[in-house]
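According to the UniProt record's numbering, the residues represented by the sequence shown are 1 to 642, in order.
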Amino acid sequence: MITGWKVSNFKSIRDGDDLPLGPLTIFAGANSSGKSTFIQSVLLVAQTLSNKVGSRSVILNGALTSLGQFDDLKSTGSESDQIVIKCTCRPLSDAEGYPLWGGPSLPTRRGVYYGRRAMGLREVSFEIAFDADPSSPERDVFQIQPRLFSSALDCTLRDEDNVDQKYSIFVRHAGSAQKISLLEDSSDADEYLRAGLAYDVTLDEMSMSEVKEEAHSAQPVGCVLRHFLPARILHTVDPVQEEARAITAILQSSRLVRPSVLTSRPWRTRDVLLSGAILQILKDILSKEGIDLDGAIAARTQQASLFGPDDTGIPLDLWPEILRSLSREERLKAQQALQDADDLLERIAEALKKSASSTDTPTVIMPYGPRHILESSRYIDELFATSVKYLGPLRDAPKPLYPLAPSADPYDIGLRGENTASVLEQHKSRRVRYIPSAHFRSSSIERRTVTRTLEAAVVDWLQYLGIASSVESKDMGKLGHELKVALANSEGKHDLTHVGVGVSQVLPILVMCLLADADSTLVFEQPELHLHPKVQTLLGDFFLSMALCNKQCIVETHSEYLIDRLRFRIAAAEGNALTDQAKIYFVEKPGAASTFREIKVNEYGAITDWPEGFFDQSQQQAEEILKAAALKRKVTRNKGDA
């Protein structure tokens, strides 16, 4: 669930506050006050992360919204060149308090882990800043495809000792000219790596410790991004030091296994050899134990001598075989002698440095990890790419037949609800978990959920809203899909062109919400359009039921009936049971900048600090009616007395 959002320098939102979001978040205010601007910032992130072209940092014009070019979005008169968006998310937890998101199965040193992680993701936040780089000759291109200026990702994970651990990464755009020399000796360097070197990266200490377990000399030098999220971290390593450490680890190991740890070495591609110089070091150490290394090598390699002037060597893979050729007593003595050689690493490193094939040039590698950073990045990516759904204010007009849905997503009802008939027909037998409307028919809400088919759940809430008594979808082949509904006060079923427009307004809302998975975020603009005040009122119950089912709803509305219903439910609930479920923001634009003011509703349903202009027009009008009626009575009475 998205628990916090901040946007700055974006249209009328100049210096945005960090707004806490609840399971049900309502935005209300006058027209052109900035409500839709806030929602557009959410859609901007969602359509970016759902786009398949990962090289584009930000998608201004995509599947969910078309925002024009960068200068159309940057706040007028702002001194800052960057638009900034910050988001905080908290993954859904199960009944025992464990996060349901354990992270993807990323490769680790011990293989791939499946099942619940020892560490569960508790919270993730990211902050991105993007601009059109006014100093660049490619500024016109950046107007449509903005440049990522910086990206920060912070995450909190709870370990097996129930202690929260924090990890972070900060990526900032930097010139790659000074780093491009790192790729000059790499024949397989491609644009993927070169793009990563365009960024400077900073990791927290714990993440760096994880990377250094794989490559001790690693230093972050760049970051390959998928849009604005880190996908792989580029590091430079000292190839001599890394190879020396790897060889030493094999030589000092007590296990007689093939040194497969080196088969995927990212810093070298040639076969690892124990050079003549290294073999001489081993010979010096083992000769003190009375072990003839020359003889053991000759027996295994059929070579009379390996210590000639040409400095030939043997593959490291042969070392376990050489040890096996020794007697058990000699083998144990050899292993112990090598383990006791404290200076073995330094001596091997020195030998490698003197080798003709060695190089002092740092090598760029992309190790797996840091694992927790990449897990958090994957969570954000999946959340916004698959779990953020949007329904616009204007619905598709009622039709006798609805065309086949062109969307590749079988759950996508469309921005106008145009695919509702297709989605309902395809999934009408799917079982969904929801709170039935019967649990809202009294002042106190029963939170118990039931599992029924999607069709049954839709009919249940249609009846509660008073829109229809039943709905029927039918696949008409290449003609599309037919939708018919039955009304409570009429016989037979009718297509949507012969019933009130309220059905075509409400049906997409019900299907979209009921079909969504838990931990989804559902965004609506003016869901109350064309609906009777009673339906608007009861629609508040439906949105509240979704919030109680762990489906976050963000609603932009002009309906005082919907908000009054939420106030009633908060007042009717026991104690503070519902006060944390709903957050209401009143958006104002006193000048050129929008401001967001949280409307506090206490446990009695009262608004403690009622702002001017917040749905007070009806009350003011009622007062004016009473005053006018009183004045008219007084005038009439005076005329009668005369």
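Cβ atoms here follow ideal geometry from the backbone N, Cα and C, with glycine treated the same way.
{"Query": "As assigned by DSSP and simplified to three states, the class of Tyr-199", "Result": "strand"}
{"Query": "Any chain C beta carbon closer than 8 Å to Leu-286", "Result": "The structure shown contains no chain C; it holds only a single protein chain."}
{"Query": "Of the listed residues Thr-595, Leu-67 and Val-635, nearest to Ala-28 (C-alpha basis)", "Result": "Thr-595"}
{"Query": "Simplified DSSP assignment, three categories, for Asp-154", "Result": "strand"}
{"Query": "DSSP state of Gln-69 mapped onto helix, strand, coil", "Result": "coil"}
{"Query": "Rounded straight-line distance, which links the Cα of Lys-353 to that of Asp-284", "Result": "19 Å"}
{"Query": "Check whether Cys-223 and Gly-196 have beta carbons under 8 Å apart", "Result": "yes"}
{"Query": "Supposed close pair Cys-89, Thr-3 - CB separation, criterion 8 Å", "Result": "6 Å"}
{"Query": "Endpoints, alpha helix (DSSP H) assigned at Glu-123", "Result": "Per DSSP, Glu-123 belongs to no alpha helix (DSSP H); it is in the beta strand (DSSP E), 120 to 131."}
{"Query": "Boundaries (first-last residue) of the beta strand (DSSP E) holding Thr-3", "Result": "2 to 10"}
{"Query": "Contact under 8 Å by Cβ, Glu-243 with Pro-367", "Result": "no"}
{"Query": "Rounded straight-line distance, which links the Cα of Glu-574 to that of Lys-534", "Result": "25 Å"}
{"Query": "C-beta atoms of Glu-455 and Lys-428 nearer than 8 Å", "Result": "yes"}
{"Query": "DSSP three-state assignment for Glu-205, whether helix, strand or coil", "Result": "helix"}
{"Query": "For Asp-18 and Lys-74, believed in contact at Cβ under 8 Å, the rounded distance", "Result": "Actually they do not touch by this definition, with Cβ atoms about 20 Å apart."}
{"Query": "Under the three-state DSSP convention, the category Phe-384 falls into", "Result": "helix"}
{"Query": "Alpha-carbon to alpha-carbon, Leu-273 and Pro-315", "Result": "4 Å"}
{"Query": "Whether Val-450 touches Val-459 by CB criterion (8 Å)", "Result": "no"}
{"Query": "Buried or exposed (CB count within 10 angstroms, at least 16 for buried), Thr-160", "Result": "It should be noted that the sequence gives Glu, not Thr, for residue 160. Under this definition Glu-160 is an exposed residue."}
{"Query": "Spatial distance of Thr-76 from Ile-584 (CA atoms)", "Result": "27 Å"}
{"Query": "Close-in-space but distant-in-sequence residues of the same chain around Ser-125 (CB under 6 Å, 5 per side omitted)", "Result": "Thr-88 and Asp-154"}
{"Query": "CB of Leu-338 within 8 Å of CB of Leu-279, strictly", "Result": "no"}
{"Query": "N-terminal and C-terminal residue of the alpha helix (DSSP H) that Asp-140 is part of", "Result": "139 to 144"}
{"Query": "Cβ neighbours of Asn-576 in the same chain (closer than 8 Å, five flanking residues each side left out)", "Result": "Glu-603"}
{"Query": "For Ile-297: DSSP bridge partner residues", "Result": "None, per the DSSP bridge assignment."}
{"Query": "8 Å CB neighbourhood of Ser-136 in its chain, flanking five on each side removed", "Result": "Phe-142 and Arg-147"}
{"Query": "Cβ neighbours of Ser-422 in the same chain (closer than 6 Å, five flanking residues each side left out)", "Result": "Ala-405 and His-481"}
{"Query": "Identity of the residues DSSP links to Thr-595 by a beta bridge", "Result": "Glu-588"}
{"Query": "In chain order, each beta strand (DSSP E) run of at least 3 residues that lies wholly inside the region 383 to 432", "Result": "388 to 391"}
{"Query": "Ser-12 classed as buried or exposed, judged by whether at least 16 other C-beta atoms fall within 10 angstroms", "Result": "buried"}
{"Query": "CB-CB length for Ala-593 against Ser-444, believed under 8 Å", "Result": "Rounded, the Cβ-Cβ distance is 42 Å, inconsistent with contact."}
{"Query": "Cβ-Cβ distance between Ile-348 and Ile-247 below 8 Å", "Result": "yes"}
{"Query": "Top-ranked residue by Cα proximity to Glu-612, from Leu-631, Pro-590, Arg-633 and Leu-626", "Result": "Pro-590"}
{"Query": "Alpha carbon of Glu-556 to alpha carbon of Val-506, nearest angstrom", "Result": "15 Å"}
{"Query": "Minimum C-alpha distance to Gly-54 - residue among Leu-44, Ala-231, Glu-123 and Thr-236", "Result": "Ala-231"}
{"Query": "Status (buried if at least 16 other CB within 10 Å, exposed otherwise) for Leu-44", "Result": "buried"}
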